[in-house]
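Those sequence lines, one after another, are chains A, B and C.
Residue 25 is where the first sequence starts when you use our numbering, and the numbers rise one by one after that.
Residue 9 is where the second sequence starts when you use our numbering, and the numbers rise one by one after that.
Residue 516 is where the third sequence starts when you use our numbering, and the numbers rise one by one after that.
A quick write-up on the structure given underneath.
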Amino acid sequence: MFKQLKTITGGLLALCMPVTAMLATSQTAKAADPTEVRIMWYSDGIEGDVMRDLLDRFEKQNPDIKVTLDRVPYKTVVEQLPALLDSGQGPDLARVTDLGGLSRHYLDLRPHLKNAKYFDDNFASSLPWFRPVNGAKDGVYGVMTQLTLTLPLVNATLFQQAGIPMPGPKATWDDWAKASKAVADKVKAPYPIAFDRSGHRVSSLVLDMGGKFVDGDKPALIDDGFKAATKMLVDWHNNGTMSKALWGSVGGTTYRGATEEFANAQVVFYMSGNWQFTQFAKTVAKNFEWQAVPNPCGPGNCSGMPGGAGLVPIKTTKNPQAVARVVEYFASEPVYEEFHARTLFLPAHLGIAKKGINYQTDDANVKKSLAIAVDQVAQTSPVAFRLQGYEHNRILFNATISRVNQAISGEMSLDDAYTRIQADIVEGLAAKGIKLQ
Amino acid sequence: MASLTLDTITKSFGQVEILHGINLDIADGEFVVFVGPSGCGKSTLLRVIAGLELATSGTIAIDSEDVTHHSAAARGLAMVFQSYALYPHMSVYDNLAFGLENMRMPKDQIDQRVQTAATLLQIDKLLQRKPGQLSGGQRQRVAIGRAITRNPRIFLFDEPLSNLDAELRVQMRIELSKLHKDLKATMIYVTHDQVEAMTMADKIVVLRDGRIEQIGQPLDLYNHPANRFVAGFIGSPRMNFISARVTHCTAANVSVTAGGMQDTTLPLDGTGVRQGDTLSLGIRPEHLELDAAGDWTLTVDVVEQLGGTSFIHGTLPSGEALSIAVNGQTGVTHGQPIRIRPKPGMVHLFSTTEGEKALPPSPHRL
Amino acid sequence: MNPNAHPPSDSATPTAAQRFARGFELAYTGLMRALEPPFAAIQKRIGIKGMAYVFVAPNMIIFSVFVALPMILNIWYALTGSNRLMMEERPFVGLDNFSALLDCKDYLDVNSCKQDRFWRAVHNSVLFVALQVTAMVALSLVTALILNGKLRARGFFRAVFFFPVLLSPVVVALIWKWILQRDGLLNALLMAGGGERVAFLHDASWSFFWTVFVSVWAHMGFYALILLAGLQAIPADLYEAAEMDGTPKWRVFWRITVPLLLPTLLVVVILSLIRAVQAFDEIYVLTGGGPGTATQFIVQYIYETAFANQVHLLGLAAAASLLVAVVLMVLTVLQLRISYHGKTS
């Protein structure tokens, strides 16, 4: 009898899990050293180790502050951090990627900074991404830990083996699709084109096909560019340019990369981004030649989508001064430069970007790719930056990836998918208190 | 109706042999009771006959037809189980009809058979009930009815009355005997209760440790038990056994002394024994009587007064226990020494060697 | 002294087990002695009957905090809107979440529903439950019948069929993913045998089939065990009586085994039904609900709506979970009724 009761309540209980999670973490949050700063940090590669190393140095210079780096999986940042922030139990700082979506929880560091102008001068392009809608127009709500740019990674060895030349710098998406398919057919690779299963990656195709995403402060996703790009994806899946084995292996908005497949030389053209470089330096090593290539062109642009992760101060911190000191240390030119040189990340720091970074790598593939990536940042379309700065861009990304997938798997027509995307956006914004029209 | 012949039937479970070569003839229409203490193999023998177990060796013939390797169904027998084994989810009617449906008998014929059996057993009012709604005695009748409807060649009963209370058991005993007379069917009945055996059987088969000890009519077994085991098993209360010493023996008679009594001479064949041998003297409690001139002195330990009968339990001077049954009531009391004597011709002598066989009657007896 | 004499064991050095037992006994009696005065005092005040409440209290407190309270919270979430977690920030919206969920022009056409994902999940779950429960009951019955028979190494086979039940659902899913994926074991075997590669997890129909298959595989042992117990509870002499009655094997099965196993069978049906409605963990790991939404079931919908999607629609998810709870409640009542009937008859 009790067992049955448990089975019923089990489902209900699942909904209350964040509450218990909160109770659990609240204890750790109030360990009482007066100047402890806690950072919730996720890592794709080695950046956690580098950060810890840099923070050790900071602690030596600033014995009155102790910085705890809570390393968590990315999923925790996506799924649990929002609940912690809602309940006022967040850390002092967090490394996040949904810069706009969480912005109402950020603290404006400007009053606590020794040299706010340094931030204005060097982070001008990325500071707006952090600012909440009703926040200070000149607020410093965070600093990028890495700038990312979507761009394709190509297995050059497969092209050589197939005896097919790689399309040039201004090649179109069509050129790349045809060439990749031809190479894959010739060398029997199962995945001519692989995309990360992510709305953000799809958006860079939309961007190139002429999509505009937003109109003023309102989303305006479904336009000709969007339709052309999504139709392209469906066609590619139907004609074998893309394999259903990748996107079809999960559902909903679940992310699915193709890093393993790329490292196994099964992918010819992999639409991902520069954050994969360090990983492939390790997993591919010298097995084959790979490189980033410039973003293919469409009628709209030849641009990738910028993005990245930012270190954001949380409003509920009890030690804003200490937090500001940690952020200032991290953003200071030598530290910031070293962090990026070691992690092979693209810097959001305009001064450093202009000067160029001497990346600490011996890997020829990575070196070549970094050069392309740095060059591509400069060519990023303003539309892309605007979308990146749009507070609710995640709602667009998620609606896109889940619905387009349903169209690809044949559950609904593309036209139905467009209707559903629009409805999802309306629903998501409504939950955040924003009424369209 | 049918006869049954068992020829050197053995049955083993793995390494353990349960039946050691059973030979038995059962005539058509006979009511045969297998009796013996628990573990003697009587139920196993019944199941071998039924076909629920296959004999390890030997042959079984029904009406001279070898059925040793036939399935239970093909032998055409019916069995009444100790637990009744009624199908709990079926009505009484369906329980009775189930076996007939298996034979694909026409519905009206089934109905007729069921009604006949139900009327015979007085369960015709219960046909729509489920077994769970019946009393123990009613279930018993249904179980018997299920056997009757199939009109079997032989009825097999496996301790069918052991789950009933004493009163009902007596009643069912009489009814079963009556049923046997009405149906004139061959019936094999297994019980550990010698009273059931004595009251119902045409022929009793006494089993012990997988062997037949004796086969015979009830009174034959009572009067002439072949060995000490049968003597002790048949008859209630149990036969007294006291140690006896041969004082004189010839082919015509045997004299023994036992329990301090004078020499008693019995008309038995004494060729198998010698003077001075120790034998076992058996005397049933009802064959001892109080007699002031009796040879045996008994010190009374317990007196049980049942009104119509009294049992006196006492000790002989040799220290051996002895029980007496006397008709009517008795004035004998605890601790009192009494003198008793056996009724003439009612004393049995058993060898104390292997088999504990009864001494055979004298060939010179008139 | 005789060197061969064995000293009595209790005068020898105690073994570790004995020392543990002695220590445990000391600790236990010590604890009991320490607890006695306060409890005696309580009992003096509230009487011996009241003590029952004292002893039940810890459990009731845990139950109310971790079961009863979340249930009430869930109802409140279902009646409020927005993506906020904290109660005071959530506006009351009445039955809006429920009407949004139930807003359909045609309940059979998911595309006509406002919450098409919910209805896709419902449709998938209904189909899944129907197929999975049928397969589960049929296969576990067959397994139980085989295991109940005279079988060589019966104990071994019973263990083999029960083993998957002991595995964590995630492990089950990973094992099968490893077998079924594009470069998995099964495709390797198929291609070694000269066959074509099959998209076992990326084709909607295949992938649905495998969710049913894997969940049956993982849980069948449990139900087979219940049915086996049910089979063994049927008295052997009924089968002997049927044998004497000359009953054909199939008739024994349909007329004796099935009717007498029916109460157990119904318990198995209801239990597997409830579990099938709740199906989530194995499938989430195996297919992630894909391809598209082909294997997305109701619990995954609730999970994703509440937690995984960027905008946490907690109210909608809470409302959906309440609807599922109602369905499960009906099924549970049904099961209790049936097992109650089984006991009385």
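C-beta: ideal position from N, C-alpha, C; glycine also.
For Thr277 (chain A), the nearest beta carbon of chain C is closer than 8 Å to its own beta carbon. Counting every other CB atom within 10 Å of its CB across the protein chains shown gives Thr367 (chain A) a total of 16 or more, marking it as buried. In the three-state DSSP reduction, Met190 (chain A) falls in the coil class, being neither helix nor strand. Going by DSSP, Pro585 (chain C) is part of the alpha helix (DSSP H) stretching over 584-593.
For Leu172 (chain B), same chain residues with a beta-carbon under 7 Å away, outside a window of 5 residues either side, are Gly144, Gly145, Gln148, Met180 in chain order.
DSSP, reduced to helix, strand and coil, places Met233 (chain A) outside both helices and strands of the structure shown, so it counts as coil.
For the 8 Å CB-CB criterion, Gln315 (chain A) and Ile396 (chain A) form a contact. Ile246 (chain A) has a beta carbon lying at 8 Å or more from every beta carbon in chain C.
Only Arg55, Ala58, Gly59, Leu60 from the stretch 42-64 of chain B bring a Cβ to less than 9 Å from some Cβ of chain C. Residues of chain C whose Cβ lies closer than 8 Å to the Cβ of Ser91 (chain B) are, in chain order, Pro750, Asp752. Where Asp277 (chain B) is concerned, there is no enclosing beta strand (DSSP E), because DSSP gives it neither an H nor an E. By the neighbour-count criterion, in which a residue is buried when 16 or more other Cβ atoms sit within 10 angstroms of its Cβ, Tyr95 (chain B) is buried. The straight-line gap separating the alpha-carbon atoms of Asp440 (chain A) and Val428 (chain A) is approximately 10 Å. Look at Asn171 (chain B) here: in three-state DSSP terms it is coil, with no helix or strand label. Excluding residues up to 5 positions away in sequence, Ile853 lie with their Cβ nearer than 6 Å to the Cβ of Leu781 (chain C) in the same chain. Taking a cut-off of 8 Å for Cβ pairs, the stretch 305-314 of chain A and the stretch 149-161 of chain A do not touch, as fewer than three such pairs fall below it. Of all residues in the stretch 795-809 of chain C, those with a C-beta nearer than 8 Å to a C-beta of chain A are Thr802, Gly803, Gly804, Gly805, Pro806, Gly807, Thr808, Ala809, reading in chain order. DSSP places Glu312 (chain B) in the strand class (E or B) of the three-state scheme. For Asn325 (chain A), there is no enclosing beta strand (DSSP E), since its DSSP letter is neither H nor E. Against Gly761 (chain C), the close residues of chain B are Ser79, Ala80, Ala81, Ala82, Gly84, Gly107, Asn110, Met111, Arg158, in the order they occur along the chain (beta-carbon pairs closer than 9 Å). As the crow flies, the alpha-carbon of Cys257 (chain B) is around 12 Å from that of Asp271 (chain B).
In the three-state scheme derived from DSSP, where H, G and I count as helix and E and B as strand, His261 (chain A) is classed as helix. Distance check between Ala757 (chain C) and each of B:Gln202, B:Gly316, B:Ser79 places B:Ser79 closest, using alpha-carbon atoms only. The alpha-carbon of Ala148 (chain A) is positioned some 8 Å away from that of Leu374 (chain A). The stretch 274-283 of chain B makes no contact with the stretch 309-324 of chain B; the number of CB pairs closer than 8 Å stays below 3. Per DSSP, Gln446 (chain A) is one residue of the alpha helix (DSSP H) stretching across 438-455.
As DSSP reads the structure, Ser318 (chain B) sits in a beta bridge with B:Gln313, B:Val334. Following the DSSP letters along the chain, one finds Ala252 (chain B) inside the beta strand (DSSP E) bounded by residues 248-257. Looking at the DSSP output, Arg427 (chain A) shares a beta bridge with no other residue.
Considering only B:Lys211, B:Leu367, B:Ser244, the residue with the shortest C-alpha distance to Arg236 (chain B) is B:Leu367. Our two residues, Glu328 (chain B) and Lys351 (chain B), have alpha carbons roughly 19 Å apart in a direct line.
DSSP places Thr100 (chain A) inside the alpha helix (DSSP H), whose first and last residues are 98-103. The beta-carbon of Gln825 (chain C) is placed less than 8 Å from the nearest beta-carbon of chain A. DSSP places Thr92 (chain A) outside any alpha helix (DSSP H); the residue lies instead in the beta strand (DSSP E), whose first and last residues are 90-95. Annotated three-state conformation of Leu716 (chain C) is coil, per DSSP.
Interface annotation, Glu603 (chain C): not in contact with chain B, CB-CB separation never under 8 Å.
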